[in-house]
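J.:
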Amino acid sequence: MDKLSNLEFDAAHIWHPYTSVAHPPVLHEVVSASGVKLRLCDGREIIDGMSSWWSTIHGYNHPRLNAAAHEQIDYMSHVMFGGLTHDPAISLSRKLIDITDESFQYVFLADSGSISVEVALKMAVQYWFAQGRAEKNRFLTFRSGYHGDTFGAMSVCDPVNGMHTMFESILPQHIFAPAPDCQHDKDWQDTYIAEFRELVEQRHFEMAGVIVEPLVQGAGGMRMYCAEYLRQIKQLCDQYDLLLIFDEIATGFGRTGSLFAYEQTGIVPDILCLGKALTGGYMTLAATLCNQKVSDGIAADGQGVLMHGPTFMANPLACRIAAESIDLLLESDWKQSVAAIEKQLQMELQPYSASLIVKQVRVKGAIGVVELNHPLDDMMEWLPEFIVEQGVWIRPFRTMIYIMPPYIISSNDLHQLCEAIGKIVAEIESRSEKS
Ligand SMILES: *Cc1c(COP(=O)(O)O)cnc(C)c1O
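Sequential numbering of the sequence shown, starting at 1, is according to our numbering.
What follows is the structure, encoded as structure tokens:
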């Protein structure tokens with residue numbers, strides 16, 4: 001039998017994210033990556049607009065992160081966390097407690113973003129269970145949210161377009177408020193939160209808490225909304241005694257212009273989920289932080305045992321790299337970089353809103369979104385290759401062409417990304433005219 005080429009083997013045997021193996025898509029094989037560039041096996045180099053899903057904030061193949069990884073692997077790449085501990089976990093947790101609000105006192109180091117959400121939900125449910133209020137086990141969340149792919153996380157994702165419709169029958173039933181509107185605090189009107197408030201008033205007795213992505217909803221629709229909404233939610237949570245969970249897996253570590261999105265709101269949640277950029281995109285690791293109220297509450301049963309503990313909990317290699325990545329971020333002028341990216345995205349993407357096929361252009365921090373009037377699904381035959389031909393890596397989904405580049409991107413490379421988006425929009429427009 002002839003040996004299959006790499007791409008043939010992949011198409012024949014390997015699942016990719018949200019992908020069919022019956023109709024495998026065209027893939028590009030990456031052989032190496034450095035800075036903001038991915039090198040494909042045919043020798044082409046393309047500029048990464050995705051930061052490998054929000055994670056590679058310092059770019060690829062960073063000498064300091066590489067050195068941290070090498071150093072740690074010579075001590076140990078892994079050791080179990082039950083009954084043992086290690087400096088990488090302790091150093092990282094010190095840093096996380098240091099750089100977040102002083103109310104955060106406890107860190108759970110999980111193995112992926114989805115798992116950190118599971119842990120956050122568990123913390124909230126256990127909190128109420130320990131108070132003898134086991135009936136408080138539902139969560140209120142927004143539509144158009146995204147919190148991960150495991151069952152608990154899925155159950156708080158958007159129930160309709162959350163790609164998870166087929167699991168509805170076996171998912172726990174949570175409570176959904178309309179997706180948040182109101183882009184700017186100055187436009188705030190009480191009507192924006194009317195339905196959310198009504199749900200709290202009617203059903204708080206069965207709610208453990210509220211879980212939302214602050215300021216930017218990521219994979220659920222790349223939607224942006226104002227801080228006032230979150231302040232209002234906090235008030236309701238205080239008034240009706242609900243725990244507040246912020247999922248900052250996408251927004252954390254500077255992406256929206258502040259180190260954490262909650263800093264722009266003036267409020268602090270009880271539980272905070274971090275992931276994605278935590279290791280600078282080197283490995284999978286996530287963290288769930290909580291305040292004293294939550295840990296005391298869980299301990300109210302006399303035990304305080306949080307019922308979670310994955311095999312690779314607090315993996316030393318990942319923790320060591322994460323600690324280095326945080327140092328690297330804090331030593332850099334990330335705030336200035338993100339502000340410069342934001343300004344350039346605004347200048348260079350905004351003009352595309354003149355196109356008839358563009359619904360809206362949105363920018364927040366180092367996130368730029370061009371939303372079209374129609375889904376791109378039927379363009380996936382030609383669009384991915386067309387994008388790579390522009391020398392860039394952008395992965396549109398549904399109606400969205402969006403980028404969130406590494407913070408180290410040069411203005412030239414960012415210009416090329418924005419220009420490529422212009423060409424993509426123009427190409428889609430001309431093809432839709434023809435059909
Ligand atoms: C990506 C993401 C998750 C899930 O993280 P994984 O590491 O993919 O499991 C959860 N919440 C938000 C907001 C995310 O962007």
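Don't be surprised by glycine CBs; every beta carbon is placed ideally from N, CA and C.
For the 8 Å Cβ check, are there 3 or more pairs between the stretch 361-379 and the stretch 392-403?
T.: With a cut-off of 8 Å, the stretch 392-403 and the stretch 361-379 count as touching, because enough Cβ pairs lie within range.
J.: Would Met76 and Pro310 be called neighbours here (beta carbons separated by less than 8 Å)?
T.: One-based indexing of the sequence shown puts residue 76 at position 76. One-based indexing of the sequence shown puts residue 310 at position 310. Cβ distance not < 8 Å, so Met76 and Pro310 don't count as in contact.
J.: Cβ-heavy atom distance between Ile211 and ligand 1 below 7 Å?
T.: If you number the sequence shown from 1, residue 211 lands on position 211. Because no heavy atom of ligand 1 lies under 7 Å away, the Cβ of Ile211 does not count as near it: no.
J.: Looking at ligand 1, does it come within less than 7 Å of Ser325, judged from the CB to the closest heavy atom?
T.: Here residue 325 refers to the residue found at position 325 when the sequence shown is read from its first residue. No, the Cβ of Ser325 stays beyond 7 Å of every heavy atom of ligand 1.
J.: Could you tell me whether any non-hydrogen atom of ligand 1 is closer than 7 Å to the CB of Asp42?
T.: Residue 42 sits at position 42 when you count from the first residue of the sequence shown. It does not: the Cβ of Asp42 is nowhere closer than 7 Å to a heavy atom of ligand 1.
J.: Which residue spans inside the stretch 34-75 form an unbroken alpha helix (DSSP H) run of at least 4?
T.: 51-54 and 63-75
J.: Buried or exposed, going by whether 16 or more other CB atoms sit within 10 Å of the CB of Asp48?
T.: For the purposes of this step, residue 48 is taken as residue 48 along the sequence shown, with counting starting at 1. Buried, because 16 or more other Cβ atoms sit within 10 Å of the Cβ of Asp48.
J.: Under 7 Å, CB to any heavy atom of ligand 1. Which residues pass, going along the chain?
T.: Trp53, Trp54, Ser112, Gly113, Ser114, Ile115, Val117, Tyr146, His147, Gly148, Asp149, Ala153, Glu213, Gly218, Ala219, Asp247, Ile249, Ala250, Cys273, Gly275, Lys276, Thr284 and Ala286
J.: Who pairs with Thr288 in a beta bridge, going by DSSP?
T.: Along the sequence shown, read from residue 1 onward, the residue named residue 288 stands at position 288. According to DSSP, which records beta bridges pairwise, Thr288 is partnered with Phe108 and Cys273.
J.: Taking the straight line between their C-alpha atoms, what separation do you get for Asp247 and Ile271?
T.: Counted from its first residue, the sequence shown places residue 247 at position 247. Counted from its first residue, the sequence shown places residue 271 at position 271. Using only the alpha carbons, I get a separation of about 8 Å.
J.: With which residues is Tyr402 paired in a DSSP beta bridge?
T.: Locating residue 402 in the sequence shown gives position 402, counting from the first residue. Answer by DSSP bridge pairing, in chain order: Val369.
J.: On the premise that Glu213 lies in contact with Ala250, defined as a C-beta separation below 8 Å, what is that separation, rounded to the nearest angstrom?
T.: Position 250 of the sequence shown holds residue 250. Position 213 of the sequence shown holds residue 213. Contact holds; Cβ gap of about 7 Å.
J.: Rounded to a whole number of angstroms, what is the C-alpha to C-alpha distance between Tyr127 and Val338?
T.: The sequence position of residue 127 within the sequence shown is 127, counting from 1. The sequence position of residue 338 within the sequence shown is 338, counting from 1. Going by the C-alpha atoms only, they are around 37 Å apart.
J.: Which word fits Lys343, buried or exposed, when buried means at least 16 other C-beta atoms lie within 10 angstroms of its C-beta?
T.: Locating residue 343 in the sequence shown gives position 343, counting from the first residue. The residue in question, Lys343, is exposed, as its Cβ has fewer than 16 Cβ neighbours within 10 Å.
J.: Could you check where the alpha helix (DSSP H) with Val125 kicks off and where it finishes?
T.: By one-based count along the sequence shown, residue 125 stands at place 125. Val125 -> alpha helix (DSSP H) spans Gly113 to Ala130.
J.: Given Ile14, which residues of its chain have a CB within under 8 Å of its CB, disregarding the five upstream and five downstream residues?
T.: As a working note, residue 14 is residue 14 in the sequence shown. So the list reads Val21, once near-sequence residues are dropped.
J.: Quick check on Ala177: does DSSP put it in helix, strand or coil?
T.: By one-based count along the sequence shown, residue 177 stands at place 177. Residue state, collapsed to three classes: strand.
J.: Am I right that Thr256 and Gly365 are in contact with their C-beta atoms under 8 Å? What's the rounded C-beta distance?
T.: As a working note, residue 256 is residue 256 in the sequence shown. As a working note, residue 365 is residue 365 in the sequence shown. With 8 Å as the limit, Thr256 and Gly365 qualify as a contact, their Cβ atoms being about 4 Å apart.
J.: Using only alpha-carbon positions, find the residue among Gln105, Asp111 and Leu329 that is nearest to Pro269.
T.: Here residue 269 refers to the residue found at position 269 of the sequence shown. When only C-alpha atoms are compared, the closest one is Gln105.
J.: If you reduce the DSSP assignment to three classes, tell me which class Trp393 lands in.
T.: The sequence position of residue 393 within the sequence shown is 393, counting from 1. Of the three classes helix, strand and coil, the one that applies to Trp393 here is strand, per DSSP.
J.: Quick one, which of Cys157, Phe142 and Leu140 has its alpha-carbon nearest Gly148's?
T.: Here residue 148 refers to the residue found at position 148 when the sequence shown is read from its first residue. Cα-wise, what sits closest to Gly148 is Cys157.
J.: Give the secondary structure of Met283 by DSSP, where H, G and I count as helix, E and B as strand, and everything else as coil.
T.: As a first step, residue 283 is located in the sequence shown; it is residue number 283 there, counting from the start. Residue state, collapsed to three classes: coil.
J.: When we look at the beta-carbon of Gln173 and count the other beta-carbons within 10 Å, is it buried (16 or more) or exposed?
T.: As a first step, residue 173 is located in the sequence shown; it is residue number 173 there, counting from the start. Classification of Gln173: exposed, given that the 10 Å Cβ count is below 16.
J.: Taking DSSP as the reference, what is the three-state secondary structure of Ile421?
T.: For the purposes of this step, residue 421 is taken as residue 421 along the sequence shown, with counting starting at 1. Ile421: helix per DSSP, three-state reduction.
J.: Examine the Cβ distances between the stretch 236-247 and the stretch 378-395 and report whether three or more of them are shorter than 8 Å.
T.: By the criterion of at least three beta-carbon pairs nearer than 8 Å, the stretch 236-247 is not in contact with the stretch 378-395.
J.: Going by the CB atoms, is the gap between Leu383 and Ile403 shorter than 8 Å?
T.: Numbered from 1 along the sequence shown, position 403 holds the residue referred to as residue 403. Numbered from 1 along the sequence shown, position 383 holds the residue referred to as residue 383. Cβ atoms of Ile403 and Leu383: not closer than 8 Å.
J.: What did DSSP end up calling Lys359 once you bin it into helix, strand or coil?
T.: Here residue 359 corresponds to residue number 359 of the sequence shown, with the count starting at 1. Reduced to three states, the DSSP call for Lys359 is strand.
J.: Do the stretch 45-63 and the stretch 294-308 touch if we need at least three Cβ pairs shorter than 8 Å?
T.: no
J.: If distances are taken between C-alpha atoms only, which option among Gly132, Leu356, Pro25 and Ala153 comes closest to Phe139?
T.: Locating residue 139 in the sequence shown gives position 139, where the first residue counts as 1. Cα-wise, what sits closest to Phe139 is Ala153.
J.: Looking only at its own chain, which residues have a Cβ that is under 8 Å from the Cβ of Ser411, when we skip the five neighbours before and after it?
T.: For this step, residue 411 is matched to residue 411 along the sequence shown. Here the set comprises Ala340 and Gln344.
J.: Going by CA-CA distance only, name the one from Leu84, Glu324, Asp101 and Val358 that's closest to Gln292.
T.: What you label residue 292 is simply residue 292 of the sequence shown in a count that begins at 1. If we check each option's Cα against that of Gln292, Asp101 comes out closest.
J.: Report the residue from Ser103, His70 and His415 whose alpha carbon sits nearest the alpha carbon of Val294.
T.: For the purposes of this step, residue 294 is identified with residue 294 of the sequence shown, where counting begins at 1. Val294 has its Cα closest to that of Ser103, out of Ser103, His70 and His415.
J.: Taking the alpha-carbon of Leu285 as reference, which of Phe260, Phe312, Glu263 and Asp296 has the nearest alpha-carbon?
T.: Here residue 285 is taken as the residue at index 285 of the sequence shown, counted from 1. Ranking the options by Cα distance to Leu285, first place goes to Phe312.
J.: Quick one: is Phe253 buried, meaning 16 or more other Cβ sit within 10 Å of its Cβ, or exposed?
T.: In the sequence shown, counting from the first residue as 1, residue 253 sits at position 253. Phe253 comes out buried.
J.: Distance check for Met379 and Arg431, CA to CA, integer angstroms please.
T.: As a first step, residue 431 must be located in the sequence shown, where it is residue number 431. As a first step, residue 379 must be located in the sequence shown, where it is residue number 379. Taking the straight line joining both Cα atoms gives about 10 Å.
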